Structures are given as structure tokens and as C-alpha cells.
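Here is the structure we will look at, set down as C-alpha cells.
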Amino acid sequence: MAPTSGPNSAHASTPGAPRPCRATGSAAEVLEAVQDEVRYFSASLGESSHRPKPAARTYAERLGDCKDKVALLNAVLQRLGFDAQPALVSLQRNRGIADYLPGHDQFDHVITRLQLDDKVYWLDPTLQKQGRRLDTRGHPNYGMVLVVAPQTQALARVELPAGAPEGMEFDQTWDLSDLTRAAQFTSIVRVRGMAAEVVAQRHRRRRQRAHRRKHGWRLGAHDAGAQGHGCAGGAR
1 MAPTSGPNSA
11 HASTPGAPRP
21 CRATGSAAEV
31 LEAVQDEVRY
41 FSASLGESSH
51 RPKPAARTYA
61 ERLGDCKDKV
71 ALLNAVLQRL
81 GFDAQPALVS
91 LQRNRGIADY
101 LPGHDQFDHV
111 ITRLQLDDKV
121 YWLDPTLQKQ
131 GRRLDTRGHP
141 NYGMVLVVAP
151 QTQALARVEL
161 PAGAPEGMEF
171 DQTWDLSDLT
181 RAAQFTSIVR
191 VRGMAAEVVA
201 QRHRRRRQRA
211 HRRKHGWRLG
221 AHDAGAQGHG
231 CAGGAR
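Under the numbering used here, the first residue of the sequence shown is numbered 1, with each subsequent residue one higher.
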């Protein structure tokens with residue numbers, strides 16, 4: 001993502017802007033840029049524990065926590081004419097958040113709700129390497145969320161997108177056709193959805209560790225390529 005200038009604010013938008021061509025693809029490209037080109041980094045001190053940085057600053061620094069990345073993602077999507085709003089999440093209580101009394105301290109994460117015609121997409125810019133297909137990417141179980149919008153009257157339930165792949169399949173085969181040799185065993189594991197993204201992320205981290213060991217580097221507590229799912233200081 002290389003615009004001629006960064007977003008001016010966390011809520012920048014163009015009133016009456018026409019819906020972009022190939023809307024889903026355009027939104028996916030913006031999501032990919034914020035996920036993969038802006039490093040997750042949380043410094044929940046003072047005001048930064050609850051207030052996101054200006055989107056232009058997050059873009060310039062190429063780092064931010066969940067609320068910073070959501071503010072940047074929404075600013076760009078809104079500038080392109082999309083209906084994108086922040087949605088507060090409780091990773092700790094999940095669907096059980098509905099059983100608690102309302103309070104700003106009930107939430108510890110924030111994502112984006114993207115409305116495209118009659119479809120709703122829940123986007124998490126702290127995830128990584130999800131590609132450009134909104135319908136088939138991995139989808140964490142967020143349970144109930146609070147969309148930050150004037151028309152919000154209640155919590156919203158996050159549903160898995162229709163047709164989104166999710167799960168794991170095992171295909172194991174024993175070859176006993178030649179009794180003069182040891183039996184041959186073949187195991188194939190097919191992983192889809194969020195589980196596949198977790199497996200892929202583990203492989204990327206192993207490669208990063210191997211690369212650093214090879215070059216004599218010590219692996220720090222916070223890997224630059226690590227996924228930042230959630231916020232250390234919450235979305236408060």
C-alpha cells in the first residue's frame with residue numbers, strides 16, 4: 001500500500017463516495033496491507049492504553065496495537081467509500097459478555113465490521129498472512145461484539161461467513177503390498193480456515209528461528225513477524 005499521502009485521521013471518510021469497483025477485492029487489499037505491512041506493537045501506557053494513535057502516525061511508523069491498526073484500516077476503507085466501523089471484543093468472555101452488565105472495561109480487543117451490501121465481514125488487522133479472499137480466510141470465534149456506531153442498540157453476534165472452510169482432515173494409508181520390505185505408512189493432513197493459518201504461522205516462526213540461529217542472532221521476546229491477536233492493555 002503506497003498512497004501519495006497517509007490518512008489524516010482515524011475516522012477520515014468521503015461523504016457520498018461511490019462504491020469502489022470490485023469492492024471485496026479492494027477491501028481485501030487494504031486489509032492485507034494493514035495486516036502484513038504494519039507491525040503489531042502494544043505500549044499500553046497512559047492515554048495509549050485506551051486511545052488509538054492518529055491513523056497517519058500509525059501508517060508512518062508502520063506499527064501499532066489492535067486499536068491503532070483498526071483505526072488505520074477503517075480510515076482507509078472509509079476514504080474509499082466503505083462502511084467500516086470498529087467493533088469491541090472480549091477475547092476472555094467471548095459470547096459470555098452478554099451476561100455481564102455494560103461497562104467500558106468489559107472489552108480487551110477491537111476488530112473492524114465491514115458492511116458490503118447485505119454481507120457483513122469481521123476483519124482483524126492484527127492477524128497476518130490471510131491473503132486477499134475475504135470469504136475463505138480464517139475466522140476466529142469472537143462470540144459477541146459491540147459495534148461502535150450511533151445506531152448500535154445491542155451486542156452483535158459474529159457468525160462464520162457462509163462457505164468459509166474450517167476444520168482438519170486426516171488421510172492415512174498403509175502399504176503392505178510387498179511383504180519383503182517394511183510396511184510403508186503415508187499420512188496427509190489437510191487443514192482449512194483458522195487452523196490452517198495457525199499451522200502456517202508456526203512454520204513461519206520455525207523458519208525465522210532457524211534463520212536467526214544460523215546467523216547467531218538471539219530470538220527476542222517479541223518477534224517482528226509475530227501475530228498480535230489481542231491487546232496487552234485491552235481496547236479500553
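Backbone N, C-alpha and C define an ideal beta-carbon position, used for all residues, glycine too. Source: prediction; values computed, not measured.
| Item | Value |
| --- | --- |
| Arg204 in three-state terms, based on DSSP | helix |
| Endpoints, the alpha helix (DSSP H) within which Arg57 is located | Ala55 to Glu61 |
| Three-pair Cβ contact test at 8 Å for the stretch 107 to 116 versus the stretch 76 to 86 | yes |
| Nearest-angstrom Cα separation, counted from Thr173 out to Phe185 | 6 Å |
| Strand pairing of Phe185, partner residues [DSSP] | Trp174 |
| Delimiting residues of the alpha helix (DSSP H) encompassing Ala84 | That residue, Ala84, is in no alpha helix (DSSP H); its beta strand (DSSP E) goes Asp83 to Val89. |
| Alpha carbon of Pro140 to alpha carbon of Gly167, nearest angstrom | 12 Å |
| Contacting residues, own chain, Cβ-Cβ under 8 Å from Asp36 (five flanking each side not counted) | Gln128 and Lys129 |
| Glu159 versus Asp118: straight-line alpha-carbon distance, rounded | 14 Å |
| For Val110, three-class secondary structure by DSSP | strand |
| Beta carbon of Thr24 nearer than 8 Å to that of Leu134 | yes |
| DSSP three-state assignment for Lys129, whether helix, strand or coil | coil |
| C-alpha distance - Glu32 paired with Leu72, whole-angstrom precision | 12 Å |
| CA nearest to the CA of Asn74, picked from Asp105, Gly193, Ser187 and Trp122 | Trp122 |
| Anticipated Cβ contact below 8 Å, Arg137 with Gly143, distance rounded | Their Cβ separation, rounded to whole angstroms, is 18 Å, which puts Arg137 and Gly143 out of contact at 8 Å. |
| Residues near Gly103 in its chain [Cβ-Cβ closer than 7 Å; skip 5 each side] | none |
| DSSP beta-bridge partners of Gln115 | Asp83 and Val120 |
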